[in-house]
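Visitor: Pasting in a structure now, in structure tokens, and then I'll have a few things to ask.
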Amino acid sequence: MQRLNFEPVLTGKKEAALRSDVRRFLANQGTFPPGEVIDSWSVCNPEFSRLIAAEGWLGMTWPTEYGGGGRSYLERYVVIEELLAAGAPVGAHWVADRQSGPLLLRFGTEEQRQHFLPKIVRGECFFAIGMSEANSGSDLASIKTRAERVDGGWLVNGSKIWTSWAHVCQQMITLCRTEAPTKDRHAGLSQFIIDLDHEGITMNPIKNMAGEEHFNEIFFDNVFVPDTRVIGEVNQGWNQVMAELAFERSGPERFLSSYRLLEAAVEILRAKELQQHAAAIIGQFTARLMVLRQMSLSVANQLQQGKLPVNEASVVKDLGTSFEQEVPDALRLILSTEARLDAKQGVERLLSDAILKSPSFSLRGGTREILRGIIARGLGLR
Ligand SMILES: Cc1cc2nc3c(=O)[nH]c(=O)nc-3n(C[C@H](O)[C@H](O)[C@H](O)COP(=O)(O)OP(=O)(O)OC[C@H]3O[C@@H](n4cnc5c(N)ncnc54)[C@H](O)[C@@H]3O)c2cc1C
């Protein structure tokens with residue numbers, strides 16, 4: 109049987125010093141309200157992203173020749189873990205830093221790297237993910253948006269949906285069909301970098317259950333994309349998307365979305381006489397959190413070694429999103445407080461936010477069922 113690799117990783121003095129720097133930075137931030145939101149990697153604040161950029165915490169692992177920090181994945185891990193645990197609004201740059209930049213480093217042209225990476229590092233260029241369509245989510249290979257060859261480039265027609273923060277981003281990496289489907293459904297797909305303010309693009313916001321306009325529906329009507337904006341090889345987009353998903357699925361954001369709520373609940377429960385079953389629940393969550401953290405660190409270390417741990421990333425996302433969904437479910441029963449939509453702050457606000465947003469945790473980035481299918485395939489079971 110094939111094995112999953114979760115070799116333990118220890119962080120050292122360098123990471124500890126960096127952790128202190130991030131905590132100091134966060135303690136000095138008066139301009140954003142850390143701690144009053146769950147799922148802060150879906151909270152978009154371009155101004156805050158530029159503050160992070162000024163600290164050198166965007167593109168941290170990228171080569172210095174593209175403006176990157178030339179630092180390790182473990183150092184990046186420490187920074188994003190601290191930002192997420194504090195509830196910092198990191199949504200604007202999240203996709204560009206986590207997956208679009210690494211994708212361009214792996215598959216992009218030299219011109220694309222030189223053009224986009226320094227801008228991402230400076231917090232001036234944000235990327236959206238253009239994969240899902242109205243009838244193609246889990247079955248991504250069935251997408252209908254097509255790019256047809258024309259002189260000097262491609263004409264894109266079709267639509268995308270659920271594109272997080274596309275209305276704030278400048279660019280979107282868009283998966284298109286460039287050849288009609290054959291027996292091999294994964295062939296004939298290509299990735300393009302598309303300017304989101306290009307003529308022929310219409311974007312409509314979609315309100316989520318929490319009343320926020322976080323994602324969008326986007327229509328393409330004869331949008332011209334030059335050859336210079338094709339990523340990697342034409343018709344090989346599927347393999348590139350799979351590589352991108354290893355970056356997308358394994359990070360601490362896949363289990364820290366409800367962390368602020370857990371921390372606030374512990375503060376409240378500490379001041380009370382704790383029922384035994386409540387203590388057991390908190391103890392169990394803490395133990396799970398520690399294990400998830402080690403697993404996610406191990407994946408970060410494998411990315412550092414140039415590997416693409418797709419199966420391990422799927423395991424982290426599956427276990428992590430189950431964890432972050434169970435936190436509000438369990439806490440609403442043991443906290444003697446109600447979730448209140450009109451609450452502006454405090455645990456009532458966090459609880460209500462988590463109840464409204466947590467159903468999406470196991471959908472975005474690939475659903476639970478799809479991840480389990482990938483893991484089964486990775487183990488040679490399918
Ligand atoms: C908050 C949020 C943000 C998002 N942001 C983006 C974004 O920025 N860019 C982007 O491209 N997409 C984004 N998405 C879309 C996301 O990737 C899709 O929702 C996801 O891939 C599922 O696709 P679907 O919604 O079409 O559901 P479907 O694929 O229709 O699935 C419906 C249900 O059927 C199950 N199912 C489907 N196929 C199988 C199967 N073969 N075996 C077993 N069960 C199956 C699924 O697990 C699910 O429970 C976002 C989604 C959310 C919730």
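In this note's numbering, the protein residues as written are 109 to 490.
Virtual Cβ for every residue (Gly too), placed ideally from N, Cα, C.
Owing to the predicted nature of the structure, the values given are computational and were not obtained by experimental measurement.
Just checking, does the stretch 320 to 337 make contact with the stretch 382 to 402 on the three C-beta pairs under 8 Å criterion?
Guide: Segments in contact, no.
Visitor: So, at 8 Å on beta carbons, what are the nonlocal neighbours of Thr-331 in its own chain, with the 5 sequence-adjacent residues on each side left out?
Guide: As a working mapping, residue 331 is identified with position 223 in the sequence shown. In the sequence under discussion, the amino acid at residue 331 is Val, which differs from the Thr named in the question. Only Leu-263, Val-264, Asn-265, Ile-302, His-306, Glu-307, Gly-308 and Ile-309 meet the Cβ criterion.
Visitor: To the nearest angstrom, how far is the alpha carbon of Met-398 from that of Glu-361?
Guide: On the sequence shown, position 290 is the one that residue 398 refers to. On the sequence shown, position 253 is the one that residue 361 refers to. About 14 Å.
Visitor: Classify Ala-255: buried if its beta carbon has 16 or more other beta carbons within 10 angstroms, exposed otherwise.
Guide: Within the sequence shown, residue 255 is the residue found at index 147, counting from 1. Ala-255 comes out buried.
Visitor: Could you tell me whether any non-hydrogen atom of ligand 1 is closer than 8 Å to the CB of Glu-477?
Guide: Locating residue 477 in the sequence shown gives position 369, where the first residue counts as 1. Indeed, a heavy atom of ligand 1 lies less than 8 Å from the Cβ.
Visitor: Mind checking which residues open and close the beta strand (DSSP E) that includes Arg-88?
Guide: Nothing can be reported for residue 88, as the shown portion of the chain is limited to 109 through 490.
Visitor: Sorry if obvious, but does the Cβ on Ser-272 come closer than 8 Å to a heavy atom of ligand 1?
Guide: Taking the sequence shown and counting its residues from 1, one reaches residue 272 at position 164. Result yes, Cβ under 8 Å from ligand 1.
Visitor: Do you know whose CA, among Phe-215, Glu-381, Pro-116 and Ile-160, lies nearest Glu-352's CA?
Guide: Working through the sequence shown from its first residue, we reach residue 352 at position 244. Checking every option, the nearest Cα to that of Glu-352 belongs to Phe-215.
Visitor: Between His-322 and ligand 1, is there a pair consisting of the residue's CB and a ligand heavy atom that are separated by less than 8 Å?
Guide: As a position in the sequence shown, residue 322 is number 214, starting the count at 1. Flag set: Cβ of His-322 near ligand 1.
Visitor: Using a threshold of 8 Å, is the CB atom of Gly-414 nearer than that to any non-hydrogen atom of ligand 1?
Guide: In the sequence shown, counting from the first residue as 1, residue 414 sits at position 306. Not so, every heavy atom of ligand 1 lies at least 8 Å from the Cβ.
Visitor: Identify whether Asn-343 lies in helix, strand or coil by the three-state DSSP scheme.
Guide: Stepping through the sequence shown from its first residue, residue 343 is reached at position 235. Coil, per DSSP.
Visitor: Using C-beta distances below 8 Å, list every residue in its chain close to Ser-430, excluding the 5 sequence neighbours before and after it, in chain order.
Guide: Your numbering for residue 430 matches position 322 in the sequence shown. For Ser-430, where only same-chain residues beyond five positions count, the Cβ hits under 8 Å are Ser-470 and Arg-476.
Visitor: On the three-state DSSP scale, how would you describe Trp-262?
Guide: In the sequence shown, counting from the first residue as 1, residue 262 sits at position 154. Trp-262: strand per DSSP, three-state reduction.
Visitor: Among Ser-404, Asn-419 and Gly-428, which residue has its Cα nearest to the Cα of Leu-118?
Guide: Translated into positions along the sequence shown, residue 118 becomes position 10. Nearest of Ser-404, Asn-419 and Gly-428 to Leu-118, Cα basis: Ser-404.
Visitor: Can Ala-196 and Phe-235 be called in contact, C-beta distance under 9 Å?
Guide: Counting from one through the sequence shown, the residue named residue 196 turns up at place 88. Counting from one through the sequence shown, the residue named residue 235 turns up at place 127. No, the Cβ-Cβ distance between Ala-196 and Phe-235 is not below 9 Å.
Visitor: Out of Ala-408, Thr-253 and Asp-450, state which residue places its alpha-carbon closest to the alpha-carbon of Ala-242.
Guide: Taking the first residue of the sequence shown as 1, we reach residue 242 at position 134. With distances taken between Cα atoms, Ala-242 lies closest to Thr-253.
Visitor: When you compare each of Leu-159, Gly-209 and Tyr-185 to Gly-138 by their alpha carbons, which one comes out closest?
Guide: Start at 1 with the first residue of the sequence shown, and residue 138 comes out as number 30. The residue with the shortest Cα to Cα distance from Gly-138 is Leu-159.
Visitor: When DSSP labels each residue in this structure, what does Met-168 get in the three-state scheme?
Guide: Residue mapping note: residue 168 aligns to position 60 of the sequence shown, counting from 1. The answer is coil: DSSP assigns Met-168 none of H, G, I, E or B.
Visitor: Got a sec, what are the start and stop residues for the alpha helix (DSSP H) His-385 sits in?
Guide: As a working note, residue 385 is residue 277 in the sequence shown. From DSSP, the alpha helix (DSSP H) with His-385 extends over 384 to 412.
Visitor: Buried or exposed: Val-338, going by 16 or more other Cβ atoms within 10 Å of its Cβ?
Guide: Counted from its first residue, the sequence shown places residue 338 at position 230. Classification for Val-338: buried.
Visitor: Counting only the same chain and skipping the five closest in sequence on each side, list residues whose C-beta sits under 6 Å from that of Trp-202.
Guide: Start at 1 with the first residue of the sequence shown, and residue 202 comes out as number 94. Cβ neighbours of Trp-202 beyond the five flanking positions: Trp-149.
Visitor: Report the option in Glu-173, Tyr-185 and Glu-144 whose CA atom is closest to the CA atom of Arg-401.
Guide: Position 293 of the sequence shown holds residue 401. Arg-401 has its Cα closest to that of Tyr-185, out of Glu-173, Tyr-185 and Glu-144.
Visitor: Check whether the Cβ of Asp-292 lies closer than 8 Å to any heavy atom of ligand 1, and answer yes or no.
Guide: Counting from 1 along the sequence shown, the entry for residue 292 is found at position 184. Asp-292 Cβ: outside cutoff for every heavy atom of ligand 1.
Visitor: I'd like to know whether the C-beta atoms of Phe-114 and Glu-163 end up nearer to each other than 9 Å.
Guide: Taking the sequence shown and counting its residues from 1, one reaches residue 114 at position 6. Taking the sequence shown and counting its residues from 1, one reaches residue 163 at position 55. Taking 9 Å as the Cβ cut-off, Phe-114 and Glu-163 do not qualify as a contacting pair.
Visitor: Report the residue ranges of all beta strand (DSSP E) runs contained in full by the stretch 218 to 261; include only those spanning at least 3 residues, in chain order.
Guide: Fully enclosed beta strand (DSSP E) runs of 3 or longer: 235 to 238 and 254 to 258.
Visitor: Could you check which residue in Ile-237, Lys-415, Glu-420 and Gln-383 has the C-alpha nearest to that of Leu-479?
Guide: To locate residue 479, count along the sequence shown from 1; it is residue 371. Minimum Cα distance to Leu-479 is reached at Glu-420.
Visitor: Apply the 10 Å Cβ neighbour rule to Ile-188 and answer buried if 16 or more other Cβ atoms are within range, or exposed otherwise.
Guide: In the sequence shown, counting from the first residue as 1, residue 188 sits at position 80. Classification of Ile-188: buried, given that the 10 Å Cβ count is 16 or more.
Visitor: For the stretch 315 to 324 against the stretch 457 to 467, are there 3 or more C-beta pairs whose distance is under 8 Å?
Guide: Yes: the two stretches touch, three or more of their Cβ pairs being nearer than 8 Å.
Visitor: Going by beta carbon distance, what residues of the same chain come within less than 8 Å of Asn-343, once the five residues before and after it are set aside?
Guide: Working through the sequence shown from its first residue, we reach residue 343 at position 235. So the list reads Thr-286, Glu-287, Ala-295, Gly-296, Leu-297 and Ser-298, once near-sequence residues are dropped.
Visitor: Cβ of Val-229 within 9 Å of Cβ of Gly-167?
Guide: Taking the first residue of the sequence shown as 1, we reach residue 229 at position 121. Taking the first residue of the sequence shown as 1, we reach residue 167 at position 59. Contact flag set, yes.
Visitor: From the DSSP output, in three-state form, read off Asp-335 for me.
Guide: Indexing the sequence shown from 1 puts residue 335 at position 227. If DSSP states are grouped into helix, strand and coil, Asp-335 belongs with the helices.
Visitor: Of all the options Leu-411, Tyr-181 and Ala-161, which has the alpha carbon lying nearest to the alpha carbon of Thr-169?
Guide: Residue mapping note: residue 169 aligns to position 61 of the sequence shown, counting from 1. It is Tyr-181.
Visitor: Kindly list the residues whose CB is nearer than 7 Å to the CB of Gln-348, restricted to its own chain and excluding five residues on each side of it in sequence; keep chain order.
Guide: Numbered from its first residue, the sequence shown carries residue 348 at position 240. Hits under 7 Å: Leu-211, Phe-215, Gln-299, Ile-339 and Gly-340.
Visitor: Look up Gln-299 in the DSSP assignment and say whether it is helix, strand or coil.
Guide: As a working note, residue 299 is residue 191 in the sequence shown. Gln-299 falls in the strand class under three-state DSSP.
Visitor: State yes or no: is the C-beta of Val-203 nearer than 8 Å to some heavy atom of ligand 1?
Guide: Taking the sequence shown and counting its residues from 1, the one referred to as residue 203 is at position 95. Checking every heavy atom of ligand 1 against the Cβ of Val-203, one is found closer than 8 Å.
Visitor: Got a sec? Which residues, its chain only, sit under 7 Å from Ala-451 by beta carbon, not counting five neighbours each side?
Guide: In the sequence shown, the residue the question calls residue 451 occupies position 343. Here the set comprises Arg-457 and Ser-460.
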